[in-house]
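Q:
There are 2 protein chains.
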Amino acid sequence: MSQMVRIALDAMGGDHGPAVVVAGAELALARHPESEFLFFGNAAVVGPILARHPALKSASRLVHAEVAVRMEDKPSQALRRGRRKSSMWLAIEAVKKKEADIVVSAGNTGALMAMSKFELKTLAGIERPAIAALWPTLRGESIVLDVGASIGADAEHLVDLAVMGAATARILFGVDCPTVGLLNIGVEEVKGLEPVREAGRILRERQPSGLEYLGFVEGDDIGMGKVDVVVTEGFAGNIALKTAEGTARQLAEYLRSAMSRSLGARIGYLFARSAFREVRERMDPRRVNGGVFLGLNGIVIKSHGGTDAEGFAAAIELGYGVVRDELLARITAALGRPGKEPQAALRGAAS
Amino acid sequence: MSQMVRIALDAMGGDHGPAVVVAGAELALARHPESEFLFFGNAAVVGPILARHPALKSASRLVHAEVAVRMEDKPSQALRRGRRKSSMWLAIEAVKKKEADIVVSAGNTGALMAMSKFELKTLAGIERPAIAALWPTLRGESIVLDVGASIGADAEHLVDLAVMGAATARILFGVDCPTVGLLNIGVEEVKGLEPVREAGRILRERQPSGLEYLGFVEGDDIGMGKVDVVVTEGFAGNIALKTAEGTARQLAEYLRSAMSRSLGARIGYLFARSAFREVRERMDPRRVNGGVFLGLNGIVIKSHGGTDAEGFAAAIELGYGVVRDELLARITAALGRPGKEPQAALRGAAS
Numbered sequence: 317m318s319q320m321v322r323i324a325l326d327a328m329g330g331d332h333g334p335a336v337v338v339a340g341a342e343l344a345l346a347r348h349p350e351s352e353f354l355f356f357g358n359a360a361v362v363g364p365i366l367a368r369h370p371a372l373k374s375a376s377r378l379v380h381a382e383v384a385v386r387m388e389d390k391p392s393q394a395l396r397r398g399r400r401k402s403s404m405w406l407a408i409e410a411v412k413k414k415e416a417d418i419v420v421s422a423g424n425t426g427a428l429m430a431m432s433k434f435e436l437k438t439l440a441g442i443e444r445p446a447i448a449a450l451w452p453t454l455r456g457e458s459i460v461l462d463v464g465a466s467i468g469a470d471a472e473h474l475v476d477l478a479v480m481g482a483a484t485a486r487i488l489f490g491v492d493c494p495t496v497g498l499l500n501i502g503v504e505e506v507k508g509l510e511p512v513r514e515a516g517r518i519l520r521e522r523q524p525s526g527l528e529y530l531g532f533v534e535g536d537d538i539g540m541g542k543v544d545v546v547v548t549e550g551f552a553g554n555i556a557l558k559t560a561e562g563t564a565r566q567l568a569e570y571l572r573s574a575m576s577r578s579l580g581a582r583i584g585y586l587f588a589r590s591a592f593r594e595v596r597e598r599m600d601p602r603r604v605n606g607g608v609f610l611g612l613n614g615i616v617i618k619s620h621g622g623t624d625a626e627g628f629a630a631a632i633e634l635g636y637g638v639v640r641d642e643l644l645a646r647i648t649a650a651l652g653r654p655g656k657e658p659q660a661a662l663r664g665a666a667s
Numbered sequence: 317m318s319q320m321v322r323i324a325l326d327a328m329g330g331d332h333g334p335a336v337v338v339a340g341a342e343l344a345l346a347r348h349p350e351s352e353f354l355f356f357g358n359a360a361v362v363g364p365i366l367a368r369h370p371a372l373k374s375a376s377r378l379v380h381a382e383v384a385v386r387m388e389d390k391p392s393q394a395l396r397r398g399r400r401k402s403s404m405w406l407a408i409e410a411v412k413k414k415e416a417d418i419v420v421s422a423g424n425t426g427a428l429m430a431m432s433k434f435e436l437k438t439l440a441g442i443e444r445p446a447i448a449a450l451w452p453t454l455r456g457e458s459i460v461l462d463v464g465a466s467i468g469a470d471a472e473h474l475v476d477l478a479v480m481g482a483a484t485a486r487i488l489f490g491v492d493c494p495t496v497g498l499l500n501i502g503v504e505e506v507k508g509l510e511p512v513r514e515a516g517r518i519l520r521e522r523q524p525s526g527l528e529y530l531g532f533v534e535g536d537d538i539g540m541g542k543v544d545v546v547v548t549e550g551f552a553g554n555i556a557l558k559t560a561e562g563t564a565r566q567l568a569e570y571l572r573s574a575m576s577r578s579l580g581a582r583i584g585y586l587f588a589r590s591a592f593r594e595v596r597e598r599m600d601p602r603r604v605n606g607g608v609f610l611g612l613n614g615i616v617i618k619s620h621g622g623t624d625a626e627g628f629a630a631a632i633e634l635g636y637g638v639v640r641d642e643l644l645a646r647i648t649a650a651l652g653r654p655g656k657e658p659q660a661a662l663r664g665a666a667s
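Following this line, the structure appears as structure tokens:
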């Protein structure tokens with residue numbers, strides 16, 4: 317039997333709360349019987365929902381939390397109201413106490429990041445964690461980071477993102493030496509933000525092991541799958557991610573309306589409906605739901621707040637590979653700067 | 317008969333040079349007989365091509381330019397090599413000398429911006445011109461600016477972009493009071509870059525006439541057409557634009573490959589082919605080719621370098637409305653700050 321994966325769930329997070337979290341966990345359990353769930357939430361609300369899913373219930377434990385972080389709370393508010401007693405806090409704490417391998421929440425992103433930093437602390441040498449997103453491309457999938465954890469980045473932070481992103485790509489995509497590009501507004505060396513140009517120079521000189529730096533990439537290179545890992549600071553990364561999602565929705569809407577306008581189109585749709593289903597599935601943002609917080613002493617997965625059970629299950633499933641292949645240990649090792657012995661880096665991270 | 321529009325063309329610009337520029341001008345002339353063209357380029361190359369289009373030739377004048385700015389030239393190189401003698405420089409100069417109403421180039425963007433600033437100068441109070449792009453949306457079209465003229469922006473620059481973008485939207489979309497949003501990574505007041513938040517406060521307080529400020533928008537709001545004008549600094553704007561283009565290409569490729577995979581899909585495609593054509597046209601980046609440089613004493617239109625004749629014609633056609641409705645005069649008037657009398661602002665701009 318495979319290794320058990322223990323998953324802490326913030327049952328109160330997201331626009332739909334426990335209904336989606338419980339249903340999503342049930343889907344994940346059906347696909348991965350080697351799962352144990354720790355639900356954190358209001359027992360009076362979550363208990364009855366869980367009771368309707370007996371198979372899931374027998375693989376789960378429910379821990380009462382009296383506070384639920386609200387989607388509109390500022391991070392500081394969430395910390396004030398929810399520290400030590402919110403479902404989000406307690407779920408993260410389960411990872412800290414090694415009672416769970418990962419935590420998944422569809423709750424307030426800012427609060428989740430603030431609480432994760434507070435409880436888990438960042439890895440040695442990492443000041444600011446990042447959110448890494450999986451991005452469907454013409455070649456398969458790429459990792460794009462940071463998609464919104466922090467705004468602005470100096471060159472060294474971008475280099476750290478490259479190293480952490482490559483470690484994640486090695487695990488999730490099973491490639492030995494993932495290709496890495498820096499997101500910029502031109503591929504020429506003279507273009508773009510100074511920290512991006514400087515990060516390019518550093519990556520070229522240091523040649524960190526375990527990644528192949530290919531230079532600058534532009535926005536339209538992401539979807540083409542030009543590199544396995546696209547590195548950017550969080551403001552531009554978030555705008556790129558949301559713009560791509562919006563464009564996919566817009567084109568799906570064009571297609572839907574064109575296919576219902578004439579009799580010919582409607583007949584054509586009937587013949588080609590399996591092809592349409594395939595395109596719809598490839599464009600479905602639920603398929604790749606889940607951002608991984610990188611740079612913390614623990615793995616935190618953020619699901620879209622508005623997702624449904626299928627999407628929440630996808631966010632949970634992202635965790636299995638990450639846990640089995642020990643993403644955290646690999647990132648810690650990879651962050652050892654050339655010139656230092658790797659042991660030193662590991663000691664630093666463990667302190 | 318409508319007012320004549322005099323168009324200066326950098327015949328050597330773009331990946332395909334005069335072949336595309338001449339063929340694009342011919343398409344534009346067929347649709348707008350009230351056009352006069354001034355071609356600038358190597359007479360030995362452009363002359364014979366023009367000679368093959370007699371109708372166009374009779375509406376055109378060809379001016380020899382001994383230098384062509386290269387696509388890979390840095391702006392400083394282009395200025396050094398091409399000042400006073402390149403096709404790009406001379407085409408811009410035609411606008412400065414009032415021999416042309418607009419200039420259109422598919423050449424090197426950085427060089428075009430540098431030469432335009434050098435020759436035309438910026439409007440009073442504007443330090444950095446912007447590139448405004450037309451963006452197809454579910455509601456029609458929006459203007460997004462800046463999509464790459466400059467990197468980084470303080471709050472006042474973002475406010476100027478809002479005012480210039482709104483003046484352009486009034487003309488191109490024929491609306492009295494266009495809606496404006498600031499691109500950010502969340503819609504809450506506490507989120508995002510400080511200059512963006514500050515610009516939001518200024519727009520709320522000053523309430524510039526001729527636009528309705530609706531607050532922050534996110535990347536996925538652009539394609540939905542949530543506002544008429546999306547304001548952002550050039551780095552994020554360029555990445556948003558290119559990411560949307562890449563996503564559209566990616567989805568078109570999914571669709572193409574799905575529709576050829578099974579017999580049913582191929583039959584369906586035949587029935588629905590007019591619907592597919594419609595979707596393809598709506599997704600066609602050529603349809604909205606052309607960025608307008610705003611903030612200069614003259615109108616410069618930049619076409620995609622890799623476009624074909626149809627796309628270059630679209631860039632030229634963008635110019636007609638801009639010229640007829642006197643975009644430049646409107647922007648100059650709109651930039652008058654509240655509190656100043658408009659005359660003062662106009663005097664300032666004319667100095």
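So the protein sequences, as listed, match chains A and B.
So the mapping is simple: our numbering equals the position in the first sequence, first residue as 1, plus 316.
So the mapping is simple: our numbering equals the position in the second sequence, first residue as 1, plus 316.
Even for Gly, the Cβ is constructed at its ideal location relative to N, Cα and C.
#1: Smallest Cα separation from Arg517 of chain A: which of A:Leu498, A:Gly535, A:Glu534?
#2: Report the rounded CA-to-CA distance for Leu579 of chain B versus Ile555 of chain B, giving the unit in angstroms.
#3: Assign Gly456 of chain B to one of two classes, buried (16 or more other C-beta atoms within 10 Å of its C-beta) or exposed (fewer than that).
#4: Kindly indicate which three-state DSSP category Leu474 of chain B falls into: helix, strand or coil?
#5: Could you name the residues that DSSP lists as bridge partners for Phe356 of chain A?
#6: Expressed to the nearest angstrom, what Euclidean distance is found between the alpha-carbon atoms of Phe532 of chain B and Met540 of chain B?
#7: Can you tell me whether Ser590 of chain A is buried or exposed, with buried defined as 16 or more other CB within 10 angstroms of its CB?
#8: Assuming the contact rule is C-beta atoms closer than 8 Å, Val463 of chain A and Gly607 of chain A should be a hit. Round their C-beta distance to whole Å, please.
#9: So Leu530 of chain A and Thr559 of chain A are supposed to be a Cβ contact under 8 Å. How far apart are they, rounded?
#10: In terms of residue numbering, what span does the alpha helix (DSSP H) encompassing Glu514 of chain B cover?
#11: Let's see if you can read the secondary structure: which residues bound the beta strand (DSSP E) around Pro452 of chain A?
#12: Just reading off the beta strand (DSSP E) that Ile418 of chain B is part of, what are its end residues?
#13: Is the region 341-361 of chain B in contact with the region 432-441 of chain B, if contact means three or more CB pairs nearer than 8 Å?
#14: Roughly how many angstroms separate the alpha carbons of Leu519 of chain A and Arg513 of chain A, rounded to a whole number?
#15: Measuring straight from C-alpha to C-alpha, what distance separates Ser392 of chain B and Ala430 of chain B?
#16: In angstroms, rounded to a whole number, what distance separates the CA positions of Ala367 of chain A and His380 of chain A?
#17: Can you have a look at Lys414 of chain A and say buried or exposed, based on whether 16 or more other CB atoms are within 10 angstroms of its CB?
#18: Taking Gly635 of chain A as the query, report the chain B residues whose CB atoms sit under 8 Å from its CB, ordered along the chain.
#19: Classify Ile647 of chain B as helix, strand or coil using the three-state DSSP reduction.
#20: Return helix, strand or coil for Glu388 of chain B, following the three-state DSSP convention.
#21: Which of the three DSSP states is assigned to Ile408 of chain B in this structure?
#22: Nearest CA to the CA of Ile467 of chain B: which residue from B:Glu626, B:Glu443, B:Gly550?
#23: Closest by CA to Gly502 of chain B, which one among A:Leu557, A:Ala448, A:Val420, A:Gly508?
#24: Are three or more beta carbon pairs between the region 471-483 of chain A and the region 559-578 of chain A nearer than 8 Å?
#25: Measure the C-alpha to C-alpha separation of Ile647 of chain B and Val337 of chain B and round it to an integer number of angstroms.
#26: The alpha helix (DSSP H) that contains Thr548 of chain A, what's its start and end?
#27: Identify, in the order they occur along the chain, each residue of the same chain with its Cβ nearer than 7 Å to the Cβ of Leu406 of chain B, setting aside the five sequence neighbours on each side.
#28: Over the uninterrupted alpha helix (DSSP H) stretch that includes Gly426 of chain A, give me the two end residues.
#29: Over the uninterrupted alpha helix (DSSP H) stretch that includes Val543 of chain B, give me the two end residues.
#30: Exposed or buried, Ser576 of chain B, counting other C-beta atoms within 10 Å across all chains shown (16 or more means buried)?
#31: Run through DSSP, which three-state label would Leu499 of chain B get?
#32: Can you find a C-beta in chain A that's less than 8 Å from the C-beta of Glu528 of chain B?
#33: Can you look up Lys618 of chain A in the DSSP assignment and give me helix, strand or coil?
#34: Rounded to whole angstroms, what's the CA-CA distance from His369 of chain A to Arg377 of chain A? Just pull it up for me.
#35: Considering Glu457 of chain A, what are the terminal residues of the beta strand (DSSP E) in which it resides?
#36: How would you list, in chain order, the residues of chain A whose beta-carbon sits under 8 Å from the beta-carbon of Ser590 of chain B?
A: The short version:
#1: A:Leu498
#2: 39 Å
#3: The residue in question, Gly456 of chain B, is exposed, as its Cβ has fewer than 16 Cβ neighbours within 10 Å.
#4: helix
#5: According to DSSP, which records beta bridges pairwise, Phe356 of chain A is partnered with A:Asp326, A:Val379.
#6: One C-alpha to the other measures close to 14 Å.
#7: exposed
#8: 6 Å
#9: About 23 Å; that fails the 8 Å criterion.
#10: 510-522
#11: 446-453
#12: 418-421
#13: Contact between the region 341-361 of chain B and the region 432-441 of chain B is not established, with fewer than three Cβ pairs separated by less than 8 Å.
#14: In a straight line, the C-alpha of Leu519 of chain A is about 10 Å away from that of Arg513 of chain A.
#15: 8 Å
#16: Using only the alpha carbons, I get a separation of about 15 Å.
#17: exposed
#18: Correct list: empty, because the minimum Cβ distance to chain B is about 25 Å.
#19: helix
#20: For Glu388 of chain B, the three-state secondary structure derived from DSSP is coil.
#21: In the three-state reduction of the DSSP assignment, Ile408 of chain B falls in the helix class, which pools H, G and I.
#22: The candidate whose alpha carbon is nearest that of Ile467 of chain B is B:Gly550.
#23: A:Leu557
#24: no
#25: The straight-line gap from Cα to Cα measures roughly 29 Å.
#26: Note, Thr548 of chain A: premise wrong, no alpha helix (DSSP H); not H, not E.
#27: Phe356, Val379, Ala381
#28: 425-436 is the span of the alpha helix (DSSP H), which, as asked, contains Gly426 of chain A.
#29: Per DSSP, Val543 of chain B belongs to no alpha helix (DSSP H) and is neither H nor E.
#30: exposed
#31: Strand.
#32: Output row for Glu528 of chain B: interface = no.
#33: Residue state, collapsed to three classes: strand.
#34: 13 Å
#35: 456-461
#36: Ser578, Gly580, Ala581
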